[in-house]
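For what it's worth, our numbering labels the leading residue of the sequence shown as 1, then goes sequentially.
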Amino acid sequence: MELTIQRDDLLRGLQKSQSVAEKRSSMPVLSNVLLEAKEKQLHLTATNLEVSFSGSYEAKVTKEGAVTIQARKFYEIVKELPFPELRITEKENQWVNISSGTTEYNLVGLPADEFPQVMKYEDVEWVEMEAPLLKEMIDKTIFAVSTEETRYNLSGIYFEKVETEDPICLKLVATDGHRLAFIQKPLPEVSKFAFDKGIIIPRKGMLELSRLLEESEQVQVAFQENTAIFRQGESTLIMRLIDGDFPDYDTVVPKNCERVLEVDRPRFMEMLRRMSIISTDRYRGIRCKINPEHMEIISNNPEIGDAREEIPVTYQGEEMTIAFNPRYFMEILAVMTSKVISAKMIDESSACIIAGEEDEGFFSVVMPMRL
1 MELTIQRDDL LRGLQKSQSV AEKRSSMPVL SNVLLEAKEK QLHLTATNLE
51 VSFSGSYEAK VTKEGAVTIQ ARKFYEIVKE LPFPELRITE KENQWVNISS
101 GTTEYNLVGL PADEFPQVMK YEDVEWVEME APLLKEMIDK TIFAVSTEET
151 RYNLSGIYFE KVETEDPICL KLVATDGHRL AFIQKPLPEV SKFAFDKGII
201 IPRKGMLELS RLLEESEQVQ VAFQENTAIF RQGESTLIMR LIDGDFPDYD
251 TVVPKNCERV LEVDRPRFME MLRRMSIIST DRYRGIRCKI NPEHMEIISN
301 NPEIGDAREE IPVTYQGEEM TIAFNPRYFM EILAVMTSKV ISAKMIDESS
351 ACIIAGEEDE GFFSVVMPMR L
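In structure tokens, the structure reads:
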């Protein structure tokens, strides 16, 4: 393999591959990127077996071929090369020479045939979506995805078509058992999605997609059997769907909430940050005392000390004291845009629904704590 390529083009692809390639793995080749020189392009691929990234970049190919090299070091080298063009040449025993001007590196590679077969797709029906809309939906749910390996069916975002409404909607839901995030947006194009019941797309894939969606106004989406594919310009992300049943989330959403609190979102966020300073993994709850005029938050940590602060609120219902994990609230408020948010509750032991008028189609549910 021998080729010449623009440094910035290659760097763009290597940046996107970094978080897909495994940093530590029992399979060393998963820490590598696959380089394939064909015709007038360099094809770059990274995978962790769950999520795969591929990109194609224009190159002057002198000799076709394929090899894999360590993803992180290759990225760091290309990032620091001084000239706008670089040459990549495969040597004997999978050594790879990278040169730019008078700068030259030789890296140990691995054979291309050791690189795992990336999930394939063919004859799929592409659906075009607004990239900012899909990014908003992902960002407003991904924080609630479970990171516990034992809860496999909660380790992704649940996608569901809602064809009973006019217009047809796309619904995304995520939960870790302690909080839940829900968003639904009108999107007639989802009727073309090649799945009937809801599907679960892994968290890592959604993180990669959220980054990719920052670059353009449109994204192409397709589904095939147990695979989700997202394509934008020169880049493609392929994700293996999670094989499991998402829980019946509707049962944890409280109904007929008679206690309603309204509070300024930015001010509430700042207050929660101050109150959470003295929290630790062992003592992470805060107690909220709510009456019609204000809410008092008390943070108590026997190992460090305590803190308290009041904030004006509008509140309808009986006076109450309820405890929450402040981090859950801060993560919810961080993805919202509403100036004022509402928190609806049944009583001190029930879950709390958080929503805002300017966050259309979105709400989140947080379970209370026992302190």
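We put the CB at the ideal spot given by N, CA and C, even for glycine.
So, for residue 101: in the same chain, excluding its five sequence neighbours on each side, which residues have a beta-carbon less than 7 Å away from its beta-carbon?
Position 101 of the sequence shown, counted from the start, is the residue given in the question as residue 101. If we look at residue 101 and ignore the five residues flanking it on each side, its Cβ neighbours are 82, 83.
Contact defined as beta carbons within less than 8 Å: I believe residue 36 pairs with residue 66. What is the distance between those atoms, to the nearest angstrom?
As a working note, residue 36 is residue 36 in the sequence shown. As a working note, residue 66 is residue 66 in the sequence shown. Confirmed, Cβ separation roughly 4 Å.
Between the C-alpha atoms of residue 51 and residue 235, what's the straight-line distance to the nearest angstrom?
What you label residue 51 is simply residue 51 of the sequence shown in a count that begins at 1. What you label residue 235 is simply residue 235 of the sequence shown in a count that begins at 1. In a straight line, the C-alpha of residue 51 is about 13 Å away from that of residue 235.
What whole-angstrom Cβ distance do residue 241 and residue 227 have, given they're in contact under 8 Å?
Your numbering for residue 241 matches position 241 in the sequence shown. Your numbering for residue 227 matches position 227 in the sequence shown. At roughly 7 Å, the Cβ-Cβ gap stays under 8 Å, so residue 241 and residue 227 are in contact.
Measure the CB-CB distance between residue 49 and residue 116 and report whether it falls below 8 Å.
Counted from its first residue, the sequence shown places residue 49 at position 49. Counted from its first residue, the sequence shown places residue 116 at position 116. Yes, the Cβ-Cβ distance between residue 49 and residue 116 is below 8 Å.
Taking 7 Å as the limit between beta carbons, can you name the residues of its chain near residue 329, skipping five residues before and five after?
As a working mapping, residue 329 is identified with position 329 in the sequence shown. Excluding sequence neighbours, residue 329 sits near 272, 366.
Going by beta carbon distance, what residues of the same chain come within less than 8 Å of residue 348, once the five residues before and after it are set aside?
Numbered from its first residue, the sequence shown carries residue 348 at position 348. Closer than 8 Å at the Cβ level, and outside the excluded window around residue 348, lie 320, 321, 322, 368.
Grouping DSSP H, G and I as helix and E and B as strand, with all else coil, what is residue 275?
The count along the sequence shown starts at 1 and reaches residue 275 at position 275. For residue 275, the secondary structure class from DSSP, reduced to helix, strand or coil, is helix.
Rounded to the nearest angstrom, what separates residue 252 and residue 303 at their Cα positions?
Walking along the sequence shown from the start, residue 252 turns up at place 252. Walking along the sequence shown from the start, residue 303 turns up at place 303. Taken atom to atom, the span from the alpha-carbon of residue 252 to that of residue 303 is near 34 Å.
Can you list, in chain order, the residues of its chain whose CB lies under 7 Å from that of residue 79, leaving out five sequence neighbours each side?
Here residue 79 refers to the residue found at position 79 when the sequence shown is read from its first residue. Around residue 79: 11.
Less than 8 Å between C-beta atoms, sequence neighbours within five positions excluded: which residues of the same chain meet that for residue 278?
Counted from its first residue, the sequence shown places residue 278 at position 278. 299, 301, 304, 305, 306, 307, listed in sequence order.
Near residue 179, what residues of its chain come up, given a Cβ to Cβ distance below 7 Å and the 5 sequence neighbours on each side ignored?
In the sequence shown, counting from the first residue as 1, residue 179 sits at position 179. For residue 179, where only same-chain residues beyond five positions count, the Cβ hits under 7 Å are 144, 328, 364, 365, 366, 367.
From what residue to what residue does the alpha helix (DSSP H) around residue 77 run?
The residue given as residue 77 occupies position 77 in the sequence shown. From DSSP, the alpha helix (DSSP H) with residue 77 extends over 71 to 80.
If we ignore side chains and look at the alpha-carbon of each, how far apart do residue 343 and residue 223 end up?
Numbered from 1 along the sequence shown, position 343 holds the residue referred to as residue 343. Numbered from 1 along the sequence shown, position 223 holds the residue referred to as residue 223. Going by the C-alpha atoms only, they are around 37 Å apart.
If I measure Cβ to Cβ from residue 257 and keep anything under 7 Å in the same chain, skipping five residues before and after, which residues do I get?
The sequence position of residue 257 within the sequence shown is 257, counting from 1. These residues qualify, in order along the chain: 344, 345, 346, 353.
Return helix, strand or coil for residue 188, following the three-state DSSP convention.
By 1-based counting over the sequence shown, the position of residue 188 is 188. Helix at residue 188.
Based on Cα-Cα distance, which residue from 341, 351, 371 lies nearest to residue 358?
Here residue 358 refers to the residue found at position 358 of the sequence shown. Measuring from the Cα of residue 358, the nearest candidate turns out to be 341.
Among the residues of its own chain, which have a CB less than 8 Å from the CB of residue 351, if the five just before and after it don't count?
Looking up residue 351 in the sequence shown gives position 351. Excluding residues within five positions, the ones whose Cβ falls inside 8 Å are 252, 253, 254, 345, 365, 366, 367, 368.
Taking residue 208 and residue 232 to be in contact with their CB atoms under 8 Å, please state how far apart those CB atoms are, rounded to whole angstroms.
Counted from its first residue, the sequence shown places residue 208 at position 208. Counted from its first residue, the sequence shown places residue 232 at position 232. That belief does not hold up - the Cβ atoms of residue 208 and residue 232 are roughly 11 Å apart, past 8 Å.
Please report the distance separating the alpha-carbon of residue 263 from that of residue 312.
As a first step, residue 263 must be located in the sequence shown, where it is residue number 263. As a first step, residue 312 must be located in the sequence shown, where it is residue number 312. Roughly 7 Å separates the two Cα atoms.
With 16 as the cutoff for other CB atoms within 10 Å, does residue 32 come out buried or exposed?
For the purposes of this step, residue 32 is taken as the residue at position 32 of the sequence shown. Taking all protein chains shown into account, residue 32 has 16 or more neighbouring C-beta atoms within 10 Å of its C-beta and is therefore buried.
Could you name the residues of the same chain whose beta carbon sits closer than 7 Å to that of residue 169, not counting the 5 residues immediately before and after it, in chain order?
The residue labelled residue 169 in the question sits at position 169 within the sequence shown. The residues are 162, 184, 185, 186, 187.
When burial is assigned at 16 or more other CB atoms within 10 Å of the CB, is residue 1 buried or exposed?
Position 1 of the sequence shown holds residue 1. Looking at its Cβ environment, which holds 16 or more other Cβ atoms inside 10 Å, residue 1 is buried.
On the DSSP bridge list, what partners appear for residue 369?
Numbered from its first residue, the sequence shown carries residue 369 at position 369. Beta-bridge pairing links residue 369 to 323.
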